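Peer 1:
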Amino acid sequence: MELRTPDQARAELKAKGISITQWAIANKFSPNLVFEVLGGRKKCVRGQAHEIAIKLGLKNGEICKDPATALESRFVA
460 MELRTPDQAR AELKAKGISI TQWAIANKFS PNLVFEVLGG RKKCVRGQAH EIAIKLGLKN
520 GEICKDPATA LESRFVA
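Residues are numbered in the working numbering as their position in the sequence shown, beginning at 1, plus a constant of 459.
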């Protein structure tokens, strides 16, 4: 998957007639947090900021819903 820049993500939402706030609410995120991710004020290393960056296509990665099982798939023989 080709990554987007924050400006590309904004432009794509705008081209589809969707505001950042609408996208955030539809994906069950705080609009303020989405604006912080797009503005580069969050590192997006873990938690919701990480999920937002992946869903917006700003970074590669996995979304792990259960931290207790985060490493299990790697070490199953």
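Think of the CB as a built atom: it goes at the ideal place given N, C-alpha and C, for glycine as much as any other residue.
Model, not experiment: these values are computed from the prediction.
1) Could you check what DSSP says for I477 in three-state terms: helix, strand or coil?
2) Please state the DSSP three-state secondary structure of E461.
3) Under 9 Å, do E521 and I513 count as touching if we go by C-beta distance?
4) Are P465 and G506 closer than 9 Å when you measure CB to CB?
5) Starting from the Cα of V496, find the closest Cα among D525, A468, C523 and give me that residue.
Peer 2: The answer reads as follows:
1) Numbered from 1 along the sequence shown, position 18 holds the residue referred to as residue 477. I477: coil per DSSP, three-state reduction.
2) Start at 1 with the first residue of the sequence shown, and residue 461 comes out as number 2. Residue state, collapsed to three classes: coil.
3) As a working note, residue 521 is residue 62 in the sequence shown. As a working note, residue 513 is residue 54 in the sequence shown. Cβ atoms of E521 and I513: closer than 9 Å.
4) Here the question's residue 465 lines up with position 6 in the sequence shown. Here the question's residue 506 lines up with position 47 in the sequence shown. No, Cβ-Cβ distance for P465 and G506 is not below 9 Å.
5) Numbered from its first residue, the sequence shown carries residue 496 at position 37. Taking only the C-alpha atoms, the option nearest V496 is A468.
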